[in-house]
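>
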Amino acid sequence: MIRTQKRFTLLDRFFHLSLMITFLIQGATGLGQLYITTPWGLALVRGLGGYERVLATHYGVGVAMTLLFLAHVAHALVRMGGRGWLGADSLVFSLRDVRHFGQNMRWVAGKGPPARLGRWSYWEKFDYWAVFWGMPILAVTGLMLYHSVAASRYFPGWSLNIASFLHRAEALLAMGYIFLVHFFMGHLRPSAFPLNPVIFTGDMSTEAVQEEKPAWADDLKAQGLWENGALTPPAPLVKLAYTLVGYAAVATGLYLLINTLILMGRMGLH
Amino acid sequence: MKGCRPRMGRVVGWALLFLLEASGVGAGDEVANATRRYRAYELSSGFYESHEVRPMGRGTYVVTPEAGRLGAPSAGLYHRGRLADSHRGILFYANRRCEACHPDNAASRHVVRGNLACRQCHGGEPIAGIAHYYSPMNPIRRHAYVCARCHEGAGASFATYRVHEPPVASVKAKQGFPSLYYTYQFMLWLLIAVLGFFSLHALGMACRELVSKGRARS
Chain A
68 MIRTQKRFTL
78 LDRFFHLSLM
88 ITFLIQGATG
98 LGQLYITTPW
108 GLALVRGLGG
118 YERVLATHYG
128 VGVAMTLLFL
138 AHVAHALVRM
148 GGRGWLGADS
158 LVFSLRDVRH
168 FGQNMRWVAG
178 KGPPARLGRW
188 SYWEKFDYWA
198 VFWGMPILAV
208 TGLMLYHSVA
218 ASRYFPGWSL
228 NIASFLHRAE
238 ALLAMGYIFL
248 VHFFMGHLRP
258 SAFPLNPVIF
268 TGDMSTEAVQ
278 EEKPAWADDL
288 KAQGLWENGA
298 LTPPAPLVKL
308 AYTLVGYAAV
318 ATGLYLLINT
328 LILMGRMGLH
Chain B
42 MKGCRPRMGR
52 VVGWALLFLL
62 EASGVGAGDE
72 VANATRRYRA
82 YELSSGFYES
92 HEVRPMGRGT
102 YVVTPEAGRL
112 GAPSAGLYHR
122 GRLADSHRGI
132 LFYANRRCEA
142 CHPDNAASRH
152 VVRGNLACRQ
162 CHGGEPIAGI
172 AHYYSPMNPI
182 RRHAYVCARC
192 HEGAGASFAT
202 YRVHEPPVAS
212 VKAKQGFPSL
222 YYTYQFMLWL
232 LIAVLGFFSL
242 HALGMACREL
252 VSKGRARS
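Keeping their order, the protein sequence lines are chains A and B.
Under my numbering, the residues of the first sequence are numbered 68 to 337, in order.
Under my numbering, the residues of the second sequence are numbered 42 to 259, in order.
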């Protein structure tokens with residue numbers, strides 16, 4: 068039995084897991100369509116059931132992703148209404164994040180201690196907010212491209228050229244960020260290796276909180292919640308399940324990214 | 042005061058009704074002519090009234106290339122886009138393939154992905170220049186005569202999509218399609234900034250953590 072602190076609610080974890088699954092489906096079906104003129108893209112599209120089905124999947128999953136995003140925003144607004152926008156538990160950037168970044172950079176250079184991070188570190192906040200610009204761009208341009216004739220009633224037709232480029236470029240930026248930076252910070256960083264399970268279990272052991280999030284530990288102690296953390300029994304089967312899911316995601320992401328980088332060098336985003 | 046209210050309400054009601062009537066809400070759709078409603082027509086075109094396709098005060102585009110020129114018929118022709126036969130006078134034209142002279146145009150998505158041949162949109166010989174008055178590619182009827190054959194309901198706005206899009210990073214794009222070029226520049230620098238910044242941050246953090254773990258062990 069280990070004492071743990073609640074970091075993510077069941078709904079938070081549901082949103083993360085569904086975003087993870089839909090993101091990977093969109094990545095695979097999107098890159099298959101993007102590089103369908105190459106042997107790799109054609110094999111990927113054929114493996115996923117042919118062009119028509121890949122396109123229908125990409126559209127359907129994209130709509131599902133957008134609805135989930137809107138549901139998350141509505142939920143977050145309601146929750147923020149009760150709790151307020153700012154404060155130590157908030158995901159909104161503050162000056163403290165700039166200071167933490169500066170302290171960490173000095174620490175990397177070997178001068179001074181690492182930043183005493185709160186509940187959400189500055190890079191975790193960026194992970195969260197990056198979705199907020201990617202989602203609207205991809206959803207709007209995706210809908211424009213799928214319903215191109217209808218879209219040309221509200222926008223000039225040449226904006227479809229721009230929508231097409233933006234959809235590809237933004238998706239590439241999102242995949243590059245998730246598959247390189249986000250996966251690295253969640254899996255390969257020495258303090259996270261082999262996998263940071265908190266987003267799947269929702270609970271963080273008090274030791275880990277003390278070590279990685281000392282400012283959050285201080286807050287919990289000041290509020291008298293430190294000793295109230297739940298006692299969680301170890302669950303080896305659950306651990307095996309999320310480790311497999313995590314590594315399946317990493318493998319899929321790297322497979323897509325490496326092939327994309329090879330083909331990008333040859334033919335760009337055509 | 043109490044006795045006043047119903048009368049005021051009636052006055053306001055009549056005033057609203059008057060304004061509603063004056064705003065033309067009940068007047069129906071915009072009408073293009075006696076029999077056709079414009080809106081039902083704009084998207085699913087194919088046939089236009091003659092007054093809608095008349096070149097407005099710009100005269101016809103028909104050009105006779107030989108007029109006033111010396112030498113070969115093609116000499117000095119910089120506006121082939123306005124000819125009824127845009128390839129007029131080109132030597133050995135019949136033996137050449139389109140992509141021999143128009144390699145960039147053959148790289149278009151319509152060709153590479155849609156598997157279309159040039160003639161499926163540009164038509165058979167003689168291929169009129171796209172600005173020629175009677176050309177199906179002329180912007181005044183392109184949406185109806187070309188786009189709508191596959192994209193059902195294509196309107197004039199839809200036809201402004203650039204099928205032969207210049208490469209996003211090219212000077213051609215900068216001059217001919219600046220909004221696309223600057224979108225590309227913006228996304229490129231955003232990509233470099235985001236990935237560069239966070240990759241370096243992740244690597245720095247990871248190396249530092251390795252060092253402090255090694256120190257803790259020894």
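Virtual Cβ for every residue (Gly too), placed ideally from N, Cα, C.
Give me, in chain order, the residues of the same chain whose beta-carbon lies closer than 7 Å to that of Lys254/B; leave out the 5 immediate sequence neighbours on both sides.
Once the five neighbours on either side are set aside, Lys254/B has no close Cβ partner at all.
> Just the C-alpha distance for Arg183/A and Phe168/A, rounded to the nearest angstrom, thanks.
Whole-angstrom Cα-Cα distance: 10 Å.
> Please state whether DSSP places Ala297/A in a helix, a strand or coil.
If DSSP states are grouped into helix, strand and coil, Ala297/A belongs with the strands.
> Given this structure, state the Cα-to-Cα distance separating Thr71/A from Thr319/A, to the nearest angstrom.
About 31 Å.
> Output the boundary residues of the beta strand (DSSP E) element that contains Thr71/A.
69-73 is the span of the beta strand (DSSP E), which, as asked, contains Thr71/A.
> Please return the same chain residues whose Cβ sits closer than 7 Å to the Cβ of Arg256/B, not counting the five positions on each side in sequence.
Cβ neighbours of Arg256/B beyond the five flanking positions: none.
> Could you tell me the boundaries of the alpha helix (DSSP H) in which Asp286/A lies?
Asp286/A -> alpha helix (DSSP H) spans 281-289.
> Taking only beta-carbon atoms, is Glu140/B less than 8 Å away from chain A?
No, Glu140/B lies away from the interface with chain A (no Cβ there is under 8 Å from its Cβ).
> How far does the beta strand (DSSP E) with Ser272/A in it reach, from first residue to last?
Start and end: 270-272.
> Out of curiosity, what's the CA-to-CA distance linking Thr133/A and Phe193/A?
Rounded to the nearest angstrom, the two C-alpha atoms are 20 Å apart.
> Starting from Cys139/B, trace the alpha helix (DSSP H) both ways and give me its first and last residue.
139-142 is the extent of the alpha helix (DSSP H) around Cys139/B.
> Using beta-carbon positions only, say whether Arg235/A and Leu336/A come within less than 8 Å of one another.
Result yes, Cβ atoms of Arg235/A and Leu336/A sit closer than 8 Å.
> Going along the chain, which residues of the stretch 213-224 of chain B sit with their C-beta nearer than 9 Å to a C-beta in chain A?
Within the stretch 213-224 of chain B, the qualifying residues are Phe218, Ser220, Leu221, Thr224.
> Could you tell me which chain A residues have their CB closer than 8 Å to the CB of Arg183/B, listed as they occur along the chain?
Here the premise fails: no neighbours, minimum Cβ distance about 10 Å.
> In or out: Asn295/A buried (at least 16 other Cβ within 10 Å) or exposed?
So Asn295/A ends up on the exposed side.
> DSSP on Glu193/B, reduced to helix/strand/coil?
The answer is coil: DSSP assigns Glu193/B none of H, G, I, E or B.
> Given this structure, state the Cα-to-Cα distance separating Val152/B from Pro144/B, to the nearest angstrom.
Going from the Cα of Val152/B to the Cα of Pro144/B covers about 11 Å.
> Do Cys188/B and Ala172/B count as a contact pair if the criterion is CB distance below 8 Å?
No; because the gap between Cβ atoms is not below 8 Å, this pair is not in contact.
> Is there at least one Cβ from chain A nearer than 8 Å to Ala243/B's Cβ?
Yes, its Cβ sits closer than 8 Å to a Cβ of chain A.
> Give the secondary structure of Val209/B by DSSP, where H, G and I count as helix, E and B as strand, and everything else as coil.
Coil, per DSSP.
> For the candidate residues Asp270/A, Ser258/A, Phe267/A, whose alpha-carbon lies nearest to that of Glu278/A?
Checking every option, the nearest Cα to that of Glu278/A belongs to Ser258/A.
> For Arg182/B, name the three-state secondary structure that DSSP assigns.
Coil at Arg182/B, not helix or strand.
> May I have the straight-line CA-CA distance separating Ala297/A from Phe199/A, to the nearest angstrom?
In a straight line, the C-alpha of Ala297/A is about 32 Å away from that of Phe199/A.
> Do we get a CB-CB distance below 8 Å when we pair His192/B with the residues of chain A?
Answer yes: the Cβ-Cβ gap between His192/B and chain A drops below 8 Å somewhere.
> In angstroms with no decimal places, state the Cα-to-Cα distance between Thr208/A and Leu233/A.
Roughly 7 Å separates the two Cα atoms.
> Contact defined as beta carbons within less than 8 Å: I believe Gly201/A pairs with His254/A. What is the distance between those atoms, to the nearest angstrom?
Wrong, their Cβ atoms sit about 21 Å apart, outside the cutoff.
> Could you tell me whether the Cβ of Pro180/B comes closer than 8 Å to any Cβ of chain A?
Answer no: the Cβ-Cβ gap between Pro180/B and chain A never drops below 8 Å.
> Would you list, in chain order, the members of the stretch 195-215 of chain B that have their beta-carbon closer than 7 Å to a beta-carbon of chain A?
From the stretch 195-215 of chain B, only Ala195, Gly196, Ser198, Phe199, Ala200, Thr201, Tyr202, Arg203, Glu206, Val209 have a Cβ closer than 7 Å to chain A.
> Just mark Arg74/A as buried or exposed, buried being the case when its beta carbon has 16 or more other beta carbons within 10 Å.
So Arg74/A counts as buried.
> Answer with yes or no whether the minimum CB distance from Trp225/A to chain B is below 8 Å.
At least one chain B Cβ lies under 8 Å of Trp225/A.
> Give a yes or no on whether the minimum CB-CB distance between Leu292/A and chain B is below 8 Å.
No, its Cβ sits nowhere closer than 8 Å to a Cβ of chain B.
> Beta-carbon within less than 6 Å of Ala241/A's beta-carbon, same chain only, minus the 5 sequence neighbours each way: which residues are those?
Excluding residues within five positions, the ones whose Cβ falls inside 6 Å are Gly201.
> Under 8 Å: do the stretch 242-251 of chain A and the stretch 283-295 of chain A share three or more Cβ pairs, one atom per stretch?
Result no; under three Cβ-Cβ pairs closer than 8 Å.
> Is there a C-beta anywhere in chain A that falls below 8 Å from the one on Ala247/B?
Yes, because at least one Cβ of chain A sits closer than 8 Å to the Cβ of Ala247/B.
> Where Arg150/B and Ser219/A are concerned, what is the direct C-alpha to C-alpha distance, given to the nearest angstrom?
Distance between the alpha carbons of Arg150/B and Ser219/A: 19 Å.
> Quick check: what's the CA-CA separation for Glu208/B versus His125/A?
Here residue 208/B is Pro; the residue named in the question, Glu, does not match the sequence. One C-alpha to the other measures close to 26 Å.
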